[in-house]
Amino acid sequence: MKILLGIGNPICDLTAMVDDDKTKALGLNKGDQAHADMQQFTAMLKEVQIMGRTAGGSIANTVVALAHLGTPTRFAGGLGEDDLGEFFAEELREAGVDDACVRVKDSITGSCLCLITSDGERTMATCLGAAAGLEPSHLEGALFDNVGWVYVSGYLAGHGDLMMDICRQAREVGAKIVFDAGAPGMINNFRQVFDDVLPQVDILFVNEDEAKALTGREPEEAIRELAGGREVTVVKLGGEGSLVMADGKLSRISTTRIEAVDTTGAGDTYAAGFLYKYIHGADAVTAAHFASHLAAKVVAQIGARFTKEEWAAMLKELEK
Numbered sequence: 011m012k013i014l015l016g017i018g019n020p021i022c023d024l025t026a027m028v029d030d031d032k033t034k035a036l037g038l039n040k041g042d043q044a045h046a047d048m049q050q051f052t053a054m055l056k057e058v059q060i061m062g063r064t065a066g067g068s069i070a071n072t073v074v075a076l077a078h079l080g081t082p083t084r085f086a087g088g089l090g091e092d093d094l095g096e097f098f099a100e101e102l103r104e105a106g107v108d109d110a111c112v113r114v115k116d117s118i119t120g121s122c123l124c125l126i127t128s129d130g131e132r133t134m135a136t137c138l139g140a141a142a143g144l145e146p147s148h149l150e151g152a153l154f155d156n157v158g159w160v161y162v163s164g165y166l167a168g169h170g171d172l173m174m175d176i177c178r179q180a181r182e183v184g185a186k187i188v189f190d191a192g193a194p195g196m197i198n199n200f201r202q203v204f205d206d207v208l209p210q211v212d213i214l215f216v217n218e219d220e221a222k223a224l225t226g227r228e229p230e231e232a233i234r235e236l237a238g239g240r241e242v243t244v245v246k247l248g249g250e251g252s253l254v255m256a257d258g259k260l261s262r263i264s265t266t267r268i269e270a271v272d273t274t275g276a277g278d279t280y281a282a283g284f285l286y287k288y289i290h291g292a293d294a295v296t297a298a299h300f301a302s303h304l305a306a307k308v309v310a311q312i313g314a315r316f317t318k319e320e321w322a323a324m325l326k327e328l329e330k
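In structure tokens form, the structure reads like this:
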């Protein structure tokens, strides 16, 4: 079976409990989502006690979920030559993902530091670190061997040359390109990159806000514009389900009504569920129904990642 190759930003999520004074001392406004350079971020880490760490990043989350569901996967991204880089790589290997990450010298592994105060509010600081150091030259050699699908997101749009090189190499090996828009802000900041990449995409995932950023239209009009001649277009509508356009037909997919406990990674899980079914031969509507049910299972629990046994149990229940 062909491999799904994900190329994205490897991010480790770090959690620390702090008081309001510590947040201020670190130069952060409570509740903000800030960006920090490597020097600033390293200084922050010295001032807090890390209580927990998890491997993350949108593309990596989807690739890991697919591996647990039994799909051959490979992941490439830039990691630092540090403890967090080894931790991230080990998480990939334990999930059964082929680790194709490169180690970027003189850089730290990309991380998001989540500071939680006693009232439960979260203040975040993110440093891309080595993730921003991925270059086209890193994507040579055997990376695309036996690859049938290449999965990337708009979070790489800041590296336009890299995005176009990925698309070129995917086409050279006959692989289909799967693209998740990432975030409305990326579309607004790097519109030309999106305009260059979208015509090459076979399977497109966007949410409602991203669809509007790309077209200026509401979901049903937006999906018709975005579909063009591509194989599948999906607009995710959160608790309202999703829209799927395939073979010129628009379908509305309902979602399982469930009390959401943690929506972290819901979109990543939806993509994993869809691609799992679609790659294994299901039509787009069947794949979307499965994706919707799988995402509902995940948001009913804490966290975006689960053990292989937990994934197997969810899969068994959904395929009864």
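One point on numbering: in this note's numbering, the residue at position 255 of the sequence shown is 265, and numbering is uninterrupted.
Here a beta-carbon is modelled for each residue, glycine too, at the ideal position from N, C-alpha and C.
Residues of its chain near residue 225, where Cβ-Cβ distance is below 6 Å and the 5 sequence neighbours each way are ignored:
Stepping through the sequence shown from its first residue, residue 225 is reached at position 215. Around residue 225: 232, 235.
Can you check whether the CB of residue 287 is closer than 9 Å to the CB of residue 296?
By 1-based counting over the sequence shown, the position of residue 296 is 286. By 1-based counting over the sequence shown, the position of residue 287 is 277. Against a cut-off of 9 Å, the Cβ pair of residue 287 and residue 296 comes out as a contact.
Suppose the cutoff is 7 Å on Cβ atoms and the five residues either side in sequence are ignored; what does the same chain contact list for residue 171 look like?
The sequence position of residue 171 within the sequence shown is 161, counting from 1. If we look at residue 171 and ignore the five residues flanking it on each side, its Cβ neighbours are 146.
Of the choices 35, 246, 206, whose alpha-carbon is the least far from that of residue 220?
Counting from 1 along the sequence shown, the entry for residue 220 is found at position 210. Of 35, 246, 206, the residue nearest in Cα terms is 246.
How big is the Cα-Cα spacing for residue 244 and residue 209?
The residue given as residue 244 occupies position 234 in the sequence shown. The residue given as residue 209 occupies position 199 in the sequence shown. Their backbone Cα atoms lie some 15 Å apart in a straight line.
Quick one: give me the first and last residue of the alpha helix (DSSP H) that residue 289 is part of.
Along the sequence shown, read from residue 1 onward, the residue named residue 289 stands at position 279. Unbroken alpha helix (DSSP H) run through residue 289: 276-289.
Apart from the five residues just before and just after residue 187, which ones in its own chain have a Cβ nearer than 7 Å to its Cβ?
Within the sequence shown, the letter at position 177 stands for residue 187. Around residue 187: 160, 177, 180, 210, 211, 212.
CB contact below 9 Å: residue 262 versus chain D
Going by chain labels, chain D is absent from the structure shown, which holds only one protein chain.
Ignoring anything shorter than 4 residues, give me the alpha helix (DSSP H) runs that lie fully in the region 71-151, in order along the chain.
93-105
Could you compute how far the alpha carbon of residue 238 sits from the alpha carbon of residue 204?
Reading the sequence shown from its first residue, position 228 is the one you call residue 238. Reading the sequence shown from its first residue, position 194 is the one you call residue 204. Approximately 15 Å between the Cα atoms of the pair.
On the criterion of 16 or more Cβ atoms from any shown chain inside 10 Å, does residue 307 qualify as buried, or is it exposed?
For the purposes of this step, residue 307 is taken as residue 297 along the sequence shown, with counting starting at 1. Label assigned to residue 307: buried.
Comparing alpha-carbon positions, which option in 105, 103, 96, 109 lies nearest residue 120?
Indexing the sequence shown from 1 puts residue 120 at position 110. It is 96 whose Cα lies nearest to the Cα of residue 120.
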